[in-house]
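K.L.:
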Amino acid sequence: MSTSEPTRSPYEGVALSEEDLNSDPLAELRAWIERARNDGLPEPGAMCLATVGGEAQPSARMVLLRGLDSGLVFFTSYGSRKGRDLAANPRAAAVFYWPQIQRQIRIEGRIEQVAESESDAYFASRPRGHQLSAWASEQSDILDSREILERRLEDFDLRFGGQSVPRPHSWGGYRLIPHRIEFWQGRVNRMHDRLEFTRTGAEWQLHRLSP
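First residue of the sequence shown: 967, per this note's numbering; consecutive thereafter.
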């Protein structure tokens, strides 16, 4: 097996200094996502969400950021694997990565469920097909065939007829409340810039990390 490193694009990002960052890391996170969106990058709000269940087995998957206030909001089935993990261990980590601009953000923190009214409002804004799929899919459960899933979708479509589709009680939102946020900028010769915010109480402290 060859041990040579595959050919890849070099890191050529501009310098990232402490003075460049907003003192509020959540505001800085919002600005980086907006930069990715303005640059036309695909799915700028996609993040890899990592959880750990009661058996201490890490699990990661991509989810979409649906809100950013005091934390990062995403929605899913409470009975999914991530939902079960978060019920056992309400902590998580998330990563945004935009290779086109050679930037990454890492977030760690605690998890809380969003208010039911917030979950209701977001669910009501979804396309009807997405609403029906939340009823049809027992997310992360073993499925004997695709046809069963399709039939369940048809059944719920008939059940709700011309009515609005209510939110299933098994589906809703979570908020990741960060205590650590790291901003990473790729640099020449892998001398990357890593600036990390850590929170103690209500205060954020900023440190530079070695690449």
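Note that CB positions come from ideal geometry on N, CA and C, so glycine has one too. Please read all numbers here as calculations on a predicted model, not as lab measurements.
Does Asp1051 pass the burial test, meaning 16 or more other C-beta atoms within 10 Å, or should it be called exposed?
P.N.:
Working through the sequence shown from its first residue, we reach residue 1051 at position 85. It is buried - the Cβ of Asp1051 has at least 16 other Cβ atoms within 10 Å.
K.L.:
How many Å lie between Pro1144 and Arg1047 at the Cα?
P.N.:
Position 178 of the sequence shown, counted from the start, is the residue given in the question as residue 1144. Position 81 of the sequence shown, counted from the start, is the residue given in the question as residue 1047. Cα to Cα, the separation comes out at about 21 Å.
K.L.:
Could you give the first and the last residue of the continuous alpha helix (DSSP H) run that contains Asp1178?
P.N.:
Look at the range of the chain in this structure, 967 to 1177, and you will see that residue 1178 is not part of it.
K.L.:
With the cut-off set at 7 Å, would you say Arg1146 and Glu1078 are in Cβ contact?
P.N.:
As a working note, residue 1146 is residue 180 in the sequence shown. As a working note, residue 1078 is residue 112 in the sequence shown. Judged by their CB atoms, Arg1146 and Glu1078 are not nearer to each other than the 7 Å cut-off.
K.L.:
Identify, in the order they occur along the chain, each residue of the same chain with its Cβ nearer than 6 Å to the Cβ of Gln1068, setting aside the five sequence neighbours on each side.
P.N.:
In the sequence shown, counting from the first residue as 1, residue 1068 sits at position 102. Closer than 6 Å at Cβ, skipping near neighbours: Tyr977, Gly979 and Gly1152.
K.L.:
Please report the residue range of the alpha helix (DSSP H) in which Gln1097 lies.
P.N.:
Counting from one through the sequence shown, the residue named residue 1097 turns up at place 131. That run of the alpha helix (DSSP H) goes Arg1094 to Ala1102.
K.L.:
Check whether the Cβ atoms of Pro1056 and Trp1101 lie closer than 7 Å to each other.
P.N.:
Working through the sequence shown from its first residue, we reach residue 1056 at position 90. Working through the sequence shown from its first residue, we reach residue 1101 at position 135. Going by C-beta atoms, Pro1056 is not nearer than 7 Å to Trp1101.
K.L.:
Have a look at Arg1003 and Leu1161 and give me their C-alpha separation to the nearest angstrom.
P.N.:
Along the sequence shown, one-based indexing puts residue 1003 at 37. Along the sequence shown, one-based indexing puts residue 1161 at 195. Cα to Cα, Arg1003 sits roughly 22 Å from Leu1161.
K.L.:
Using 10 angstroms around the beta-carbon of Val1154, count the other beta-carbons present and answer buried if the total reaches 16, otherwise exposed.
P.N.:
Translated into the one-based positions of the sequence shown, residue 1154 becomes position 188. Flag for Val1154 reads exposed.
K.L.:
With respect to the alpha helix (DSSP H) encompassing Val1060, which residues constitute its N-terminal and C-terminal limits?
P.N.:
Looking up residue 1060 in the sequence shown gives position 94. Note that residue 1060 is Ala in the sequence shown, not Val. No alpha helix (DSSP H) contains Ala1060, which is instead part of the beta strand (DSSP E) from Arg1057 to Trp1064.
K.L.:
On the premise that Tyr1044 lies in contact with Gly1127, defined as a C-beta separation below 8 Å, what is that separation, rounded to the nearest angstrom?
P.N.:
The residue given as residue 1127 occupies position 161 in the sequence shown. The residue given as residue 1044 occupies position 78 in the sequence shown. Not a contact, Cβ separation roughly 26 Å.
K.L.:
I need the straight-line Cα distance from Gly1167 to Asp986, nearest angstrom please.
P.N.:
By 1-based counting over the sequence shown, the position of residue 1167 is 201. By 1-based counting over the sequence shown, the position of residue 986 is 20. Their Cα atoms are separated by approximately 24 Å.
K.L.:
For the candidate residues Met1028, Gly1020 and Thr1017, whose alpha-carbon lies nearest to that of Pro932?
P.N.:
Any property of residue 932 remains undetermined from this structure, which presents the chain solely from 967 to 1177.
K.L.:
Less than 8 Å between C-beta atoms, sequence neighbours within five positions excluded: which residues of the same chain meet that for His1096?
P.N.:
Against the sequence shown, residue 1096 aligns to sequence position 130. Cβ neighbours of His1096 within its own chain (closer than 8 Å, five residues either side excluded): none.
K.L.:
Whose C-alpha, out of Gly1033, Leu1115 and Leu1109, is nearest the C-alpha of Ser1099?
P.N.:
In the sequence shown, the residue the question calls residue 1099 occupies position 133. Among Gly1033, Leu1115 and Leu1109, the Cα nearest to that of Ser1099 is on Leu1115.
K.L.:
Quick one: what's got a C-beta closer than 6 Å to Tyr1063's C-beta in the same chain, skipping five residues either side?
P.N.:
In the sequence shown, counting from the first residue as 1, residue 1063 sits at position 97. Cβ neighbours of Tyr1063 beyond the five flanking positions: Gln1070.
K.L.:
By how many angstroms is the C-alpha of Ser1103 removed from the C-alpha of Phe1122?
P.N.:
By 1-based counting over the sequence shown, the position of residue 1122 is 156. By 1-based counting over the sequence shown, the position of residue 1103 is 137. Computed Cα separation, rounded: 11 Å.
K.L.:
Would Leu1175 and Glu984 be called neighbours here (beta carbons separated by less than 7 Å)?
P.N.:
For this step, residue 1175 is matched to residue 209 along the sequence shown. For this step, residue 984 is matched to residue 18 along the sequence shown. No, they are not a contact pair.
K.L.:
Could you tell me the boundaries of the beta strand (DSSP E) in which Glu1148 lies?
P.N.:
The count along the sequence shown starts at 1 and reaches residue 1148 at position 182. Taken as a continuous stretch (DSSP letters only), the beta strand (DSSP E) holding Glu1148 covers Trp1137 to Gln1151.
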